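Asks:
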Amino acid sequence: MAYVRVTDMGSPPGRRVTRRRFVETAGLGATTSLAGCVDQASELVPDSTRSLEVLHGWDEGDGAVAVRALVDAFEEQAPDVPTEFTAIEGGGNENLNTVVDYRLYDDDPPSAFANWPGKNLQRYEGSLGSVDDVWAENDFAAVHVEEAVDLHRQNGSFRAVPIGSHRLNNLFYSVAVLEEAGVDPAGITSLDALFDAMDAVAAETDAAPMTHAMAAPWPTTQLWVAVFLGQEGHEPYVDFIEGRRPEAAVRASFETTARILETYVTYDAASLDLPASNQNVVDGDAAFIHQGNWTAGAFANATDFEYGDDWGANAFPGTENRYTLHFDSFLYPGDNPTPEYSRRWLAFVGSETAQVAFNQHKGSIPTRTDVDVSEFHPYLQAVAEDFENAEYRPPTLQHGLALAPEKVTALNRIVANTFMGPYDVDAATAGFLDVV
């Protein structure tokens with residue numbers, strides 16, 4: 002087994018990308034429809050000459066801990082399967098996407114790779130094989146949540162298996178900073194209340210009101226979605242992702258997001274990646290962070306930083322009855338180098354054992370409905386309850402469920418060009434409406 006952080010730069014798509022030599026790029030990632038349609042399952046043949054090679058993007062922090070637990074559980078269950086699990090560093094799957102694109106383009110697919118389902122599967126149109134047999138043999142459709150069943154199909158066949166679900170509409174906070182500021186987090190149920198709380202933090206403490214990672218554009222796109230849902234509501238968001246151009250709502254959400262970024266975030270936000278931004282809350286240098294609940298995984302794995310005593314979390318203000326839906330999944334390349342091993346891996350991914358091993362460390366919850374979460378972190382137990390009780394489960398925009406990948410790439414490019422400081426509300430609004 003190998004946990005590899007990839008740092009080799011610059012191989013073009015036309016150059017072979019070998020099993021031990023991958024490519025990392027800092028760009029937003031190519032969005033391609035890759036040739037070589039493989040709708041039927043590859044013939045099952047012994048995989049004796051190849052290892053199960055799985056690519057993923059969890060190279061550090063809670064993700065690395067979760068992958069190690071997942072791999073250890075698989076190797077205990079399948080000791081006869083040689084494995085090679087490779088981490089491609091870079092947030093938001095950007096570098097992972099590029100490496101996978103090059104590998105598929107070069108007819109050198111991995112056995113499986115971590116990615117997102119839903120409309121994100123369009124990125125790999127024609128390059129994914131069917132795993133209908135894995136779903137049927139393991140009765141996955143009966144034991145995974147309804148959205149997981151729907152979003153893992155492409156052209157009528159299952160192409161992937163989910164490992165867990167993240168909630169995107171979260172506001173995490175430092176207990177100590179809010180206590181010093183005299184802020185009760187239970188009262189932050191609107192954006193106006195959030196602004197009042199951040200003003201109190203600025204006036205009463207030395208901490209920044211909010212930390213935000215701006216080294217890449219995707220956290221800002223994600224923050225804009227949270228503001229949109231909290232301020233404008235569910236139906237305007239659905240109108241936006243379905244292309245009905247709710248201009249007033251889009252503009253108002255950019256205005257509010259600009260207010261947050263101009264007034265309340267740390268001075269060094271432009272240079273921060275997500276782990277560094279999370280650390281600002283751990284260190285007491287910032288009161289709030291908006292993120293998916295993978296941040297809870299980072300906090301839970303931090304030293305001397307305890308849930309309830311040191312940190313807490315609410316739904317992002319105004320979204321208390323919603324669970325913004327995100328899935329982490331493993332996809333099956335059609336021209337598969339190890340079809341037997343790969344199917345065994347995907348069958349394991351969808352099992353109770355795997356979903357407990359991974360999600361309890363990752364800050365996510367199982368997609369299986371029959372998993373007992375009573376031994377999970379108390380925060381994740383609360384998230385699981387929120388999932389059950391949510392009135393709406395809108396699909397995430399930034400992470401591939403709501404929009405086709407080329408549209409997500411275009412939105413992030415607009416954010417990079419118009420909304421990373423200074424904040425051009427008019428240009429960002431027009432650009433987002435044009436894209437969708």
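Heads up: the sequence shown runs through residues 2 to 437, numbered per the working numbering. Glycine is no exception: its CB is placed at the ideal position from the N, C-alpha and C atoms. Computed from a predicted structure; not experimentally measured.
CB-CB under 8 Å to F114, same chain, minus the five flanking residues each way: which ones, in chain order?
Replies: So the qualifying residues of the chain are V55, L56, H57, L97, V101, F331, L332 and P334.
Asks: Give the DSSP-derived three-state secondary structure of Y265 in the structure shown.
Replies: In the structure shown, Y265 sits in coil (DSSP, three-state: anything other than H, G, I, E or B).
Asks: Per the DSSP calculation, G313 is bridged to which residue(s)?
Replies: DSSP output for G313 lists Y174 as bridge partner(s).
Asks: Note the first and the last residue of the continuous beta strand (DSSP E) segment covering H291.
Replies: Where H291 is concerned, the enclosing beta strand (DSSP E) stretches over A287 to Q292.
Asks: Taking P210 as part of the beta strand (DSSP E), name the residues at either end of that continuous run.
Replies: Element bounds for P210: A209 to M211.
Asks: Measuring CA to CA, which of E205, V266 and A203 is closest to L224?
Replies: When only C-alpha atoms are compared, the closest one is V266.
Asks: Tell me whether T304 is buried or exposed, calling it buried when 16 or more other Cβ atoms sit within 10 Å of its Cβ.
Replies: Its Cβ having fewer than 16 others within 10 Å, T304 is exposed.
Asks: With 16 other CB atoms within 10 Å as the buried threshold, where does Y424 fall?
Replies: It is buried - the Cβ of Y424 has at least 16 other Cβ atoms within 10 Å.
Asks: Going by CA-CA distance only, name the one from D269, F300 and W295 that's closest to Q280.
Replies: Looking at the Cα atoms, F300 is the closest of the given residues.
Asks: Can you give me the start and stop residues for the alpha helix (DSSP H) that P379 sits inside?
Replies: Run containing P379: P379 to N390, per the alpha helix (DSSP H) assignment.
Asks: Is T325 near L169, with beta carbons less than 8 Å apart?
Replies: In contact: T325 and L169 (Cβ atoms closer than 8 Å).
Asks: In angstroms, rounded to a whole number, what distance separates the CA positions of R16 and P110?
Replies: Residue confidence for R16 is low, a pLDDT of 27 falling below 50, so the modelled location carries little weight and cannot support an answer.
Asks: Distance, Cα to Cα, G188 vs A316?
Replies: Each residue's alpha carbon lies about 12 Å from the other.
Asks: Alpha carbons only, please: which of N418, T397 and F349 is nearest the one belonging to P80?
Replies: When only C-alpha atoms are compared, the closest one is F349.
Asks: Per DSSP, what kind of secondary structure is S158 in: helix, strand or coil?
Replies: Note: S158 maps to strand in three-state DSSP.
Asks: Using alpha carbons as the reference points, say which of A297, A431, D336 and N156 lies closest to V416.
Replies: Of the candidates A297, A431, D336 and N156, the one whose C-alpha sits nearest the C-alpha of V416 is A431.
Asks: Do you know offhand how far V82's Cα is from A74's?
Replies: Those two C-alpha atoms are separated by around 12 Å.
Asks: Within the same chain, show all residues whose beta-carbon is closer than 7 Å to that of N337, passing over the 5 residues directly before and after it, in chain order.
Replies: For N337, where only same-chain residues beyond five positions count, the Cβ hits under 7 Å are S43, P110, S112, G130 and S343.
Asks: As an exercise, report each continuous alpha helix (DSSP H) stretch of at least 4 residues that is fully enclosed by the region 164 to 250, in chain order.
Replies: Counting only runs of 4 or more, we get 176 to 182, 192 to 205, 219 to 233 and 235 to 242.
Asks: Using 8 Å for Cβ pairs, my map puts G92 next to G401. What's the rounded Cβ distance?
Replies: That pair is no contact at about 14 Å.
Asks: Need the endpoints of the beta strand (DSSP E) that F114 sits in, please.
Replies: From DSSP, the beta strand (DSSP E) with F114 extends over A113 to N116.
Asks: Tell me whether H145 sits in a helix, a strand or coil according to DSSP, three-state version.
Replies: The answer is strand: DSSP assigns H145 an E or B state.
Asks: Since I believe Y380 is in contact with A297 (beta carbons under 8 Å), could you give me their beta-carbon distance rounded to a whole number of angstroms?
Replies: Contact holds; Cβ gap of about 5 Å.
Asks: Nearest-angstrom Cα distance between A383 and I366?
Replies: Spanning the two alpha carbons is a distance of roughly 10 Å.
Asks: Take L192 and list the residues in its own chain whose beta-carbon comes closer than 8 Å to its own, dropping the five residues that flank it on each side.
Replies: Correct list, in chain order: V228, G231, Q232, T257, P318 and G319.
Asks: Leaving out the 5 sequence neighbours to the left and right, which residues in its chain are closer than 7 Å to L152 when beta-carbon positions are compared?
Replies: Around L152: P118, G119, F328 and L402.
Asks: Among all the DSSP beta bridges, which residues are the ones paired with V55?
Replies: BP columns for V55 point to F86 and A113.
Asks: For N418, count neighbouring Cβ atoms within 10 angstroms of its own Cβ and tell me buried if that reaches 16, exposed if not.
Replies: Under this definition N418 is an exposed residue.
Asks: Looking at the strands, I want to know which residues DSSP matches up with E342.
Replies: Position check: residue 342 holds Tyr in this sequence, whereas Glu was assumed. Answer is none; Y342 lacks a bridge partner.
Asks: State buried or exposed for D60, treating a residue as buried only when at least 16 other CB atoms are found within 10 Å of its CB.
Replies: It counts as buried.
Asks: Is it true that the CB of H362 sits closer than 8 Å to the CB of A67?
Replies: For A67 and H362, yes; Cβs fall inside 8 Å.
Asks: Determine the closest residue to N139 out of E392, A177 and F159, with distance taken between C-alpha atoms.
Replies: Nearest option by C-alpha distance: F159.
Asks: How long is the line joining the alpha carbons of N116 and A209, rounded to whole angstroms?
Replies: Rounded to the nearest angstrom, the two C-alpha atoms are 33 Å apart.
Asks: Taking the beta carbon of A149 as the centre, do at least 16 other beta carbons fall within 10 Å, making it buried, or is it exposed?
Replies: By the neighbour-count rule (16 or more Cβ atoms within 10 Å), A149 is buried.
Asks: Could you pull the start and end residues of the beta strand (DSSP E) that H327 belongs to?
Replies: Unbroken beta strand (DSSP E) run through H327: L326 to L332.
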